[in-house]
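To keep things clear, I will list the structure first and then write my remarks on it.
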Amino acid sequence: MSPVLAGVLQVLALVAALALAYRPLGDHMARVYSSTKHLRIEKWIYQAIGADPAAEMRWPAYLRGVLAFSAVGVLFLYALQRFQGALPGSLGFASIDPDQAFNTAASFVANTNWQSYYGEQAMGHVVQTGGLAVQNFVSAAVGMAVAVALVRGFARSRTGELGNFWADLVRGTVRILLPLSVVGALVLVATGVIQNFSGIHEVGQFDGGARQWNGGAVASQEVIKVLGTNGGGYFNANSAHPFENPNGLSNLFEVFLILVIPFALTRTFGRMAGSLKQGYAILAAMASLWLGFTALMMWTEFAHHGPAFEIAGGAMEGKETRFGIAGSSVFAVATTLTSTGAVNSFHSSYTGFGGGITMLGMQLGEIAPGGVGSGLYGMLVMAVLAVFVAGLMVGRTPEYLGKKIGTREIKLAACYILITPALVLCFTAAATALPTPADSTANPGAHGFSEILYAYTSGANNNGSAFAGLNADTQWFNTTIGIAMLLGRFLPMVFVLALAGSLARQSPVPATAGTLGTHRPLFSGLLVGTVLVVTGLTYFPALALGPLAEGLAS
17 MSPVLAGVLQ VLALVAALAL AYRPLGDHMA RVYSSTKHLR IEKWIYQAIG
67 ADPAAEMRWP AYLRGVLAFS AVGVLFLYAL QRFQGALPGS LGFASIDPDQ
117 AFNTAASFVA NTNWQSYYGE QAMGHVVQTG GLAVQNFVSA AVGMAVAVAL
167 VRGFARSRTG ELGNFWADLV RGTVRILLPL SVVGALVLVA TGVIQNFSGI
217 HEVGQFDGGA RQWNGGAVAS QEVIKVLGTN GGGYFNANSA HPFENPNGLS
267 NLFEVFLILV IPFALTRTFG RMAGSLKQGY AILAAMASLW LGFTALMMWT
317 EFAHHGPAFE IAGGAMEGKE TRFGIAGSSV FAVATTLTST GAVNSFHSSY
367 TGFGGGITML GMQLGEIAPG GVGSGLYGML VMAVLAVFVA GLMVGRTPEY
417 LGKKIGTREI KLAACYILIT PALVLCFTAA ATALPTPADS TANPGAHGFS
467 EILYAYTSGA NNNGSAFAGL NADTQWFNTT IGIAMLLGRF LPMVFVLALA
517 GSLARQSPVP ATAGTLGTHR PLFSGLLVGT VLVVTGLTYF PALALGPLAE
567 GLAS
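Its first residue numbered 17, the sequence shown is counted upward by one per residue in the working numbering.
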């Protein structure tokens with residue numbers, strides 16, 4: 017079987033598995049967030065935190081809940097790292113330096129999971145399991161809660177209430193993420209992923225010396241790493257490490273876990289909004305972008321010419337032979353079009369155009385299908401902008417799901433779209449203009465610029481993957497990327513929740529003969545075009561200085 021055919025079959029198997037899970041998971045999540053009943057364990061949690069799950073919140077109160085909970089998470093995780101050396105189960109590792117502790121705390125709370133440290137050489141069992149893994153769950157649940165709040169904004173009328181943040185947070189964790197993680201962890205263990213609490217031990221003799229390795233609760237952390245689109249690896253090699261991703265089956269299953277909730281949330285949206293066709297339209301736009309990027313990445317990596325490439329069957333540099341070009345390409349696109357950031361290959365070793373594809377996937381806003389929750393609300397904001405563009409073309413007041421898109425709504429959508437590019441481009445410009453940050457690059461010229469651009473693109477878009485040629489463990493990069501992660505996560509949520517509150521207060525507008533059919537293929541195409549033109553072209557000058565220049569020169 018040719019490698020290309022094997023890659024096509026992997027994509028088809030993935031599509032089939034996602035299609036089977038789409039309806040039951042999407043409907044289950046809609047029931048979870050629409051239910052008025054509370055499980056016993058949920059009641060215990062509400063009593064412990066002093067929350068009333070039945071109390072409805074307007075968008076400012078909902079936002080205060082999001083920010084307060086996340087701020088406590090940052091402080092707790094920072095303190096846990098700073099006191100690691102005094103904690104049991106630290107494996108003898110020292111406490112983390114202040115700048116790196118801040119960067120890591122901001123990273124995991126922001127669902128970014130950017131890592132400027134070697135996991136197996138820096139973090140003990142307590143920090144890994146009691147700190148990082150916990151944030152993998154709750155940061156994903158926060159994103160889902162914000163997405164559901166926006167959906168309620170579309171579905172409700174003549175009220176500013178968006179639900180209860182604490183109820184949405186707890187239900188998303190207890191009823192969705194935890195059960196799926198238990199099942200997924202068992203599957204990963206069956207494929208060979210390790211799960212233990214062993215200490216450091218020597219593994220063979222290499223280059224005249226012994227290699228030391230430590231075990232850990234890897235399968236349980238790996239499953240929520242990908243299911244919650246987090247991306248932080250237990251080991252520095254991330255999903256290229258055989259303890260995290262031992263074979264082709266585990267690789268395909270991890271890609272499935274990355275995509276299943278973001279895609280299924282479109283059905284949840286359709287169910288809660290009262291029109292499954294609207295969910296299918298969003299799904300079609302997401303799927304079109306994902307399949308297009310996957311095909312383009314495979315073509316770029318397989319079609320490179322030259323004797324070495326022909327012998328290897330394509331651009332194999334930096335890729336695991338366990339997965340090959342196809343498995344690496346599918347994984348790379350899935351993790352950069354979502355906010356996962358996990359890697360099973362060396363993105364810096366991709367072809368110039370291949371590296372550009374991974375960057376562009378993040379720069380589109382990670383909405384195809386995007387992160388858990390963040391992908392749905394990001395695409396819905398783009399849908400608001402798309403109906404506004406359509407309204408300008410036909411001279412009609414734009415409407416979406418029976419709500420008028422007026423000046424306030426467009427301003428909020430515009431702020432959402434502009435905040436991330438501003439963070440990426442401003443921080444990249446500062447890092448390339450100052451002498452010290454540029455010294456961290458491993459390569460000169462266009463590739464060195466790509467390393468810096470990729471780092472801030474990954475941080476501000478809450479992805480977490482790295483080009484891996486950049487030494488980011490410096491005070492400059494730990495601090496600035498940490499700031500970019502926090503602002504890139506929570507400032508957009510401010511505009512999303514404000515938009516949700518504005519929509520929820522409106523009265524429904526009846527559909528007429530001139531209403532744009534937002535459930536039809538034409539709108540899905542318009543939405544894809546809006547995403548590519550509005551957000552993609554924002555970064556074109558920067559991409560021209562980095563991956564495009566490198567690709568044209570090769």
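Note that beta-carbon positions come from the ideal geometry of N, C-alpha and C, so glycine has one too.
Is residue 306 close to chain B? Criterion is C-beta to C-beta, closer than 8 Å. The structure shown has no chain B; it contains just one protein chain.
To the nearest angstrom, how far is the alpha carbon of residue 43 from that of residue 417? Your numbering for residue 43 matches position 27 in the sequence shown. Your numbering for residue 417 matches position 401 in the sequence shown. Their backbone Cα atoms lie some 20 Å apart in a straight line.
Less than 8 Å between the CB atoms is what I'm expecting for residue 162 and residue 512, so what's the real figure, rounded? Indexing the sequence shown from 1 puts residue 162 at position 146. Indexing the sequence shown from 1 puts residue 512 at position 496. Indeed they touch by this definition, with Cβ atoms about 6 Å apart.
DSSP has residue 457 in a bridge; who is on the other side? The residue given as residue 457 occupies position 441 in the sequence shown. According to DSSP, residue 457 bridges with 486.
Roughly how many whole angstroms lie between the Cα atoms of residue 314 and residue 498? Working through the sequence shown from its first residue, we reach residue 314 at position 298. Working through the sequence shown from its first residue, we reach residue 498 at position 482. The alpha-carbon atoms of residue 314 and residue 498 are separated by roughly 32 Å.
Anyone know if the C-beta pair for residue 301 and residue 540 falls short of 8 Å? Position 285 of the sequence shown holds residue 301. Position 524 of the sequence shown holds residue 540. Yes, these two residues count as a Cβ contact at 8 Å.
Name the residue from 260, 515, 434, 253 whose alpha carbon lies nearest to the alpha carbon of residue 240. Along the sequence shown, read from residue 1 onward, the residue named residue 240 stands at position 224. Among 260, 515, 434, 253, the Cα nearest to that of residue 240 is on 260.
Tell me whether the stretch 358 to 365 and the stretch 259 to 279 touch, counting them as touching only if at least three CB pairs, one residue from each stretch, are closer than 8 Å. yes
Tell me whether residue 293 is buried or exposed, calling it buried when 16 or more other Cβ atoms sit within 10 Å of its Cβ. As a position in the sequence shown, residue 293 is number 277, starting the count at 1. Exposed, since its Cβ has fewer than 16 Cβ neighbours within 10 Å.
Secondary structure of residue 355, DSSP reduced to three states: Counting from 1 along the sequence shown, the entry for residue 355 is found at position 339. Looking at residue 355 - three-state DSSP - the assignment turns out to be coil, as it is neither helix nor strand.
How many Å lie between residue 68 and residue 183 at the Cα? As a working note, residue 68 is residue 52 in the sequence shown. As a working note, residue 183 is residue 167 in the sequence shown. One C-alpha to the other measures close to 8 Å.
According to the neighbour-count rule (16 or more other Cβ atoms, all chains shown, within 10 Å of its Cβ), is residue 212 buried or exposed? For the purposes of this step, residue 212 is taken as residue 196 along the sequence shown, with counting starting at 1. Result: exposed.
Check this for me: beta carbons of residue 567 and residue 367, under 8 Å apart or not? What you label residue 567 is simply residue 551 of the sequence shown in a count that begins at 1. What you label residue 367 is simply residue 351 of the sequence shown in a count that begins at 1. A distance below 8 Å separates the beta carbons of residue 567 and residue 367.
Nearest-angstrom Cα separation, counted from residue 244 out to residue 274: Position 258 of the sequence shown, counted from the first residue, corresponds to residue 274. Position 228 of the sequence shown, counted from the first residue, corresponds to residue 244. In a straight line, the C-alpha of residue 274 is about 7 Å away from that of residue 244.
Out of 383, 26, 247, 209, point me to the one whose CA is closest to residue 480's CA. Residue numbering aside, residue 480 sits at position 464 when the sequence shown is read from its first letter. Minimum Cα distance to residue 480 is reached at 247.
For residue 518 and residue 412, which I take to be in contact (beta-carbon distance under 8 Å), what is that distance rounded to the nearest angstrom? By one-based count along the sequence shown, residue 518 stands at place 502. By one-based count along the sequence shown, residue 412 stands at place 396. Not quite, the Cβ-Cβ distance comes to about 20 Å (not below 8 Å), so this is no contact.
My assumption, with CB atoms under 8 Å, is that residue 486 sits in contact with residue 500. Please give the rounded CB distance. Locating residue 486 in the sequence shown gives position 470, where the first residue counts as 1. Locating residue 500 in the sequence shown gives position 484, where the first residue counts as 1. Not a contact, Cβ separation roughly 14 Å.
Cβ shell of residue 463 (< 6 Å), same chain only, five flanking positions each side left out: By 1-based counting over the sequence shown, the position of residue 463 is 447. If we look at residue 463 and ignore the five residues flanking it on each side, its Cβ neighbours are 566.
Euclidean distance between Cα positions of residue 171 and residue 523: Counting from 1 along the sequence shown, the entry for residue 171 is found at position 155. Counting from 1 along the sequence shown, the entry for residue 523 is found at position 507. Going by the C-alpha atoms only, they are around 11 Å apart.
Should residue 29 be labelled buried (16 or more other beta-carbon atoms within 10 Å of its own) or exposed? The sequence position of residue 29 within the sequence shown is 13, counting from 1. Residue 29 comes out exposed.
Taking the Cβ atom as the reference point for each residue, do residue 177 and residue 47 lie within a distance shorter than 8 Å? Taking the first residue of the sequence shown as position 1, residue 177 is located at position 161. Taking the first residue of the sequence shown as position 1, residue 47 is located at position 31. The answer is no: Cβ separation not under 8 Å.
Beta bridge counterpart(s) of residue 74 as assigned by DSSP: If you number the sequence shown from 1, residue 74 lands on position 58. According to DSSP, residue 74 bridges with 177.
For residue 250 and residue 352, what's the separation of their Cα atoms in angstroms? As a first step, residue 250 is located in the sequence shown; it is residue number 234 there, counting from the start. As a first step, residue 352 is located in the sequence shown; it is residue number 336 there, counting from the start. In a straight line, the C-alpha of residue 250 is about 19 Å away from that of residue 352.
Give the single residue among 141, 350, 264 whose Cα lies nearest to the Cα of residue 102. Position 86 of the sequence shown, counted from the start, is the residue given in the question as residue 102. It is 141.
Taking the alpha carbon of residue 153 as the reference point, which residue from 175, 433, 137, 196 has its own alpha carbon closest? Translated into positions along the sequence shown, residue 153 becomes position 137. Of 175, 433, 137, 196, the residue nearest in Cα terms is 196.
Reduced DSSP category for residue 296 - H, G, I as helix; E, B as strand; rest coil: By one-based count along the sequence shown, residue 296 stands at place 280. Correct three-state label for residue 296: helix.
Have a look at residue 32 and residue 445 and give me their C-alpha separation to the nearest angstrom. By 1-based counting over the sequence shown, the position of residue 32 is 16. By 1-based counting over the sequence shown, the position of residue 445 is 429. Roughly 43 Å separates the two Cα atoms.
Are residue 467 and residue 478 closer than 8 Å when you measure CB to CB? Counting from 1 along the sequence shown, the entry for residue 467 is found at position 451. Counting from 1 along the sequence shown, the entry for residue 478 is found at position 462. Not a contact, by the Cβ cut-off of 8 Å.
Would you report the Cα separation of residue 405 and residue 265, rounded to the nearest angstrom? Along the sequence shown, read from residue 1 onward, the residue named residue 405 stands at position 389. Along the sequence shown, read from residue 1 onward, the residue named residue 265 stands at position 249. Residue 405 and residue 265: Cα-Cα distance of roughly 43 Å.
Tell me the rounded alpha-carbon separation between residue 79 and residue 504. By one-based count along the sequence shown, residue 79 stands at place 63. By one-based count along the sequence shown, residue 504 stands at place 488. Between the alpha carbons of residue 79 and residue 504 lies a distance of about 15 Å.
Run through the stretch 337 to 415 for me and flag every whole alpha helix (DSSP H) of 4 or more residues, listed as ranges in chain order. Taking only runs of at least 4 residues, the alpha helix (DSSP H) segments lying wholly in the stretch 337 to 415 are 340 to 353, 368 to 379, 390 to 410.
Alpha carbon of residue 419 to alpha carbon of residue 525, nearest angstrom: Taking the first residue of the sequence shown as position 1, residue 419 is located at position 403. Taking the first residue of the sequence shown as position 1, residue 525 is located at position 509. In a straight line, the C-alpha of residue 419 is about 6 Å away from that of residue 525.
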